[in-house]
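Heads up, the thing below is written out as structure tokens.
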Amino acid sequence: MRRVVGLVLLAGVAVASVQRHFSTSPIQESEADEYQFEWPIQRVAIIGAGPSGLVAYRELTEAGLDVRLFERNSVPGGVWHYTEEVPLDAPVPNVPASIGDFVPSLPPAGVDFPYTEEFEDDGEIGRDHRGPKQLWESLTSNMPSPLQQFPQWRWPAGTPWELSHYQIRNYVRSYAAYLNINSNDENPATAYNTRVERVEKRINEAGKEQGWRLWLRSLEPTPSSTYRATWWTEDFDAVVVAVGKYNAPSIPSIPGLEEWVQRFPGLVRHSRQYRRPEVCANHTVLIVGAGVSGTEISRDINRQARIIYQSFRTHITLESRLRRIPDNTTLVGEIEQFLPIPEGSPIQSGFVKLKNGTILSGIDSLILATGYRLSFPFLPQYYDGATYEPHPGSAPTVSPFLPADGSYIRDLYLEQFYIQDPTLAFLGSSDAVLPSYLSLDYTALALAKVWTDTAKLPSGQAMWTWYNKTMEERGGYGKYFILNPKRLSGNHVIARLAYMIGWLNEAASKYGGKQVDGIPKDYKEISYYWQIAHFGGLLQFKGPKEDELKLATLGIQAPGNSANQGMYDDVLFLDDDW
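For the sequence shown, the residue numbers in mature numbering (1 follows the signal peptide of the UniProt record, and there is no 0) are -16 to -1, 1 to 562.
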């Protein structure tokens, strides 16, 4: 790397020993104060067949529930399903998060179900429905294989710690086959090529809310090179949202960027559209962002590109990521403006002005590695400021808990249960859990136990008390919590999971059902050696003054609100900051 322009270290979550119990552990109450569901839960929908959805399916079916699994793609795997097909161009500027992933497609009002239409293949309808994932051909996991495995389906002995996305894809699919829910298993519990277009609270014959109605759309190619879309609805008692958090691109608001995108399609792309380094052969490339994608793409193209500039925001980028950037990449500061390019002139004639006054020129291609937003287009009524027209038989009013910018999810107990109605739950959408498949076991089992009445949630009032206190300790809302002034440390995350393990095992002793093992003793050791091998070292600070001294030796200005939280661990697994 040639130059570092102002960097602030972000302390985050990766591994840490549990030194003290998290002060906002869930509240213990008497049985009289436990949450009481208003209807029995028997039929459950899972949206998404990635790792979270597969584990949820296993736990819920083992608990005796009737489960349906919906996946918009043709196979399981979620984010690990790689294809050469690229996603549609990211809208510039950002569209609301409520349609950031896709714009729901609903049938005409009043039609009988199932309702079918055929569409010409315009090159976009299939991609829009499937949502190709943000993988590139050479991508490897940034988590070691011992931490990226299902406890019931372990990697074979001798599996390397560093995994290609092909290995992970095959592994996840084999796990789906083990559960008999792979796309070729013809299990009636699964619906592949099926996108959930709307999830609404259902009103029963007595006029009371009871369960959920899903509006569904399958899309299948026909022999005549068209697509056949079929819509229908299904009703459920509870819903699991397991679509992950990397589903809607985030585009920064930088003056002039929109004009560059419109003028030079194909030369300006979001990182989710990147597949192979040959597209940058002999180019001068500007990568905007130094998160996980930006850093790894910089490594991938460095033998093909002629010159690489990498721009980053000074309050985000981590030293561990910078260690992975090739030496022949020039690090530059934040962008102030993409200057106008005369009509008819090529992109190479354009100028990019940085906030420190530097001017970059001769750019051949631009990669926006600027992260993602949470997007749940099937829940439009729950977004702040949303205008929403419910279908007949659906609840007319709801309480919003999703911000319009897609930066976080409010009102969740234990990061998963929607407090207003715990028959709606989220898996894999929070960073306040261990970055490991292991944590999926605990969170999915919690759903199964709570929904089968073999574990109890506290009363609604108690859940709100816990939630409000948690937000106060974190310093309020913020993108994925860890960017708050009072960050959620590794110690807090481990303590939260330790509490959940104790809660689940106590419930098993009281109500029956299986118990779970604790966090593996070698978790921290594995993470330690992985950081050394993958990132070239650890960052461990003892206090604010030592933080500042360490950062000063790197030419980095320390954050003004740094606080001593014991051992700080670098963020390893996020791709939502840049």
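Don't be surprised by glycine CBs; every beta carbon is placed ideally from N, CA and C.
So the candidates are the options; which of them puts its Cα closest to the Cα of residue i?
i	options	result
residue 231	507, 21, 390	390
residue 256	457, 317, 63, 270	63
residue 252	374, 270, 265	270
residue 47	227, 408, 438, 442	438
residue 97	192, 312, 216	216
residue 82	365, 518, 376, 487	365
residue 441	490, 423, 414	490
residue 433	39, 44, 37	44
residue 209	374, 106, 518, 41	106
residue 37	247, 104, 519, 431	431
residue 35	157, 17, 337, 212	157
residue 123	496, 132, 326, 149	149
residue 285	117, 173, 350	350
residue 317	192, 375, 187, 337	337
residue 280	60, 425, 191, 125	125
residue 199	154, 223, 20, 240	223
residue 189	507, 513, 376, 477	376
residue 312	327, 428, 282, 487	282
residue 405	354, 108, 58, 184	184
residue 132	258, 421, 213	421
residue 276	161, 194, 127	127
residue 193	363, 512, 207, 22	22
I'd like to confirm the pairing. Which residues does DSSP put opposite residue i in its beta bridges?
i	result
residue 337	321, 343
residue 563	This structure does not reach residue 563, given that the chain is present from -16 up to 562, and the question cannot be answered.
residue 408	223
residue 106	For residue 106, which the question treats as bridged, DSSP gives no partner whatsoever.
residue 292	269, 313
residue 277	DSSP output for residue 277 lists no bridge partner at all.
residue 52	29
residue 378	186
residue 79	Answer is none; residue 79 lacks a bridge partner.
residue 178	202
residue 442	18
residue 351	253, 271
Kindly list the residues whose CB is nearer than 8 Å to the CB of residue i, restricted to its own chain and excluding five residues on each side of it in sequence; keep chain order.
i	result
residue 502	482, 485
residue 403	395, 396, 397, 444, 447, 448, 451
residue 8	Unreliable placement is indicated for residue 8, whose pLDDT of 48 sits below 50; no coordinate value is reported for it.
residue 50	26, 27, 28
residue 164	171
Within its chain, find whatever has a CB closer than 6 Å to the CB of residue i; leave out the 5 residues flanking it on each side and keep chain order.
i	result
residue 401	409
residue 352	254, 272
residue 110	none
residue 467	Here the model assigns residue 467 a pLDDT of 37, short of 50, so the residue's position is not dependable, and the following value carries that caveat. Cβ within range, chain order: n/a, list empty.
residue 296	274
residue 385	366, 394, 395
residue 359	81, 84, 85, 231, 232, 390
residue 260	121
residue 291	268
residue 495	438
residue 357	81, 84, 232, 234, 390
Between residue i and residue j, which are expected to be in contact by the criterion C-beta below 8 Å, what is the C-beta distance as a whole number of angstroms?
i	j	result
residue 71	residue 115	7 Å
residue 238	residue 322	6 Å
residue 197	residue 219	5 Å
residue 288	residue 265	5 Å
residue 186	residue 383	About 17 Å separates the two Cβ atoms, so there is no contact after all.
residue 58	residue 181	About 18 Å separates the two Cβ atoms, so there is no contact after all.
Apart from the five residues just before and just after residue i, which ones in its own chain have a Cβ nearer than 7 Å to its Cβ?
i	result
residue 91	99, 215
residue 536	Any reading at residue 536 is ruled out, since the residue's pLDDT is 38, under 50, leaving its predicted position unreliable.
residue 112	72, 86
residue 77	235, 237, 242
residue 179	56, 113, 201
*asked:* Could you tell me which whole beta strand (DSSP E) segments of length 3 or greater appear in the region 189 to 255?
replied: 193 to 205, 210 to 220, 222 to 225, 252 to 254
Every unbroken beta strand (DSSP E) inside the region 98 to 174 [3 residues or more]
99 to 104
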